[in-house]
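A quick write-up on the structure given underneath.
If you want it as structure tokens, here you go:
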């Protein structure tokens, strides 16, 4: 019989992963199949998704292509495509499980779409992207320096990109052994292909962070997103990536004229014009993972 983690590693898309987490939490008996499907042949065969269990055959009807478990997951995943595109996946190897997962009560400051505990030192979670910062804040408030290990922030994947969710999970598991348990680190992947070529991103300082440093970056991204409108963010990105320094100097003064005093002070205090291009790129990647600060 397949374990819960085996079922998670059979997911091709983020929507399938969310659907599998849903049933693992609410209807775990759905995956307790014991009968093995018939051998593959021209006329019959096992489920065409898991390739293990028999195809579901309702009385008096033609057998389905899938077993009862895969059929339920795919049917539920059909409605989760939009939600999965706004989600982020957390895969963590830690020295101790957060008490919120041990107790089953969950996290109070963030909306979690699903979670799965794998053994005594691993857990997987799915949440909306913009819940990442409050989730990390709650994790540090309750556990602080006691929690050590590696948290990998993974994107969801669609089957049309050539990289499945199963590929992403397996690569994350493969890479976690490189890191010791002396502190809590975060690895941030903003796109599926980055898991297969992580060395280049790591060399440029865009991948691995201490958890407090990564949380500070998320705070900066939240302030940046709040004070600059989307069109101003795009104009700033193009301005900071100009190759001609004199052209940049010319447009910089005009650009500042369109900003609020708070936005000008932020850019001046950060000295953003002196930032390396990679740090600018990281800031813009993180903007999609934070919410606006609400004014009083």
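In the working numbering, the protein residues as written are 60 to 355.
Virtual Cβ for every residue (Gly too), placed ideally from N, Cα, C.
Predicted model only: the values in this text are computed from it and were never measured.
Note the first and the last residue of the continuous alpha helix (DSSP H) segment covering residue i.
i           : result
residue 314 : 304-315
residue 321 : 320-329
residue 269 : Where residue 269 is concerned, there is no enclosing alpha helix (DSSP H), although the beta strand (DSSP E) it sits in stretches over 267-269.
residue 29  : Only positions 60 to 355 of the chain appear in this structure, which leaves residue 29 out of reach.
residue 292 : 289-299
residue 346 : 336-346
residue 260 : 257-262
If you compare alpha carbons, which of the options is closest to residue i?
i           : options               : result
residue 180 : 235, 193 and 341      : 235
residue 125 : 347, 346, 115 and 227 : 115
residue 195 : 270, 322 and 68       : 270
residue 197 : 122, 349 and 157      : 157
residue 151 : 171, 119, 211 and 185 : 211
residue 323 : 343, 292 and 146      : 292
residue 221 : 251, 201, 133 and 289 : 251
residue 264 : 176, 283 and 334      : 334
residue 121 : 137, 102 and 109      : 102
residue 274 : 289, 209, 296 and 193 : 193
residue 357 : 81, 149 and 100       : In the structure as shown, the chain begins at 60 and stops at 355. Residue 357 is therefore absent and cannot be evaluated.
residue 148 : 259, 213 and 66       : 213
residue 262 : 105, 298 and 338      : 338
residue 91  : 117, 248, 66 and 226  : 66
residue 108 : 123, 100 and 119      : 123
residue 88  : 232, 99, 62 and 139   : 62
residue 79  : 352, 247, 137 and 351 : 137
One question on the structure: do residue i and residue j come within less than 8 Å of each other, judged by their Cβ atoms?
i           : j           : result
residue 142 : residue 183 : no
residue 97  : residue 112 : no
residue 286 : residue 319 : yes
residue 71  : residue 224 : yes
residue 68  : residue 228 : yes
residue 160 : residue 174 : yes
residue 146 : residue 188 : yes
residue 328 : residue 314 : no
residue 267 : residue 73  : no
residue 349 : residue 284 : yes
residue 75  : residue 132 : yes
residue 153 : residue 208 : yes
residue 254 : residue 230 : yes
residue 185 : residue 172 : yes
residue 343 : residue 296 : yes
residue 64  : residue 177 : yes
Would you say residue i touches the ligand MN, meaning its beta carbon is less than 7 Å from a heavy atom?
i           : result
residue 265 : Because no ligand of any kind appears in the structure shown, any question about the ligand MN cannot be addressed here.
Alpha helix (DSSP H) runs wholly inside the region 194-248, at least 4 long, in chain order: 224-234
Unbroken stretches of the alpha helix (DSSP H), 4 residues or longer, contained in the region 72-150: 73-85, 127-136 and 140-144
Those runs of the alpha helix (DSSP H) which lie wholly inside the region 151-188 and span at least 4 residues: 158-162
Three or more C-beta pairs below 8 Å linking the region 293-310 and the region 242-253: no
Inter-stretch contact (C-beta, 8 Å, three-pair minimum) for the region 271-280 and the region 299-306: no
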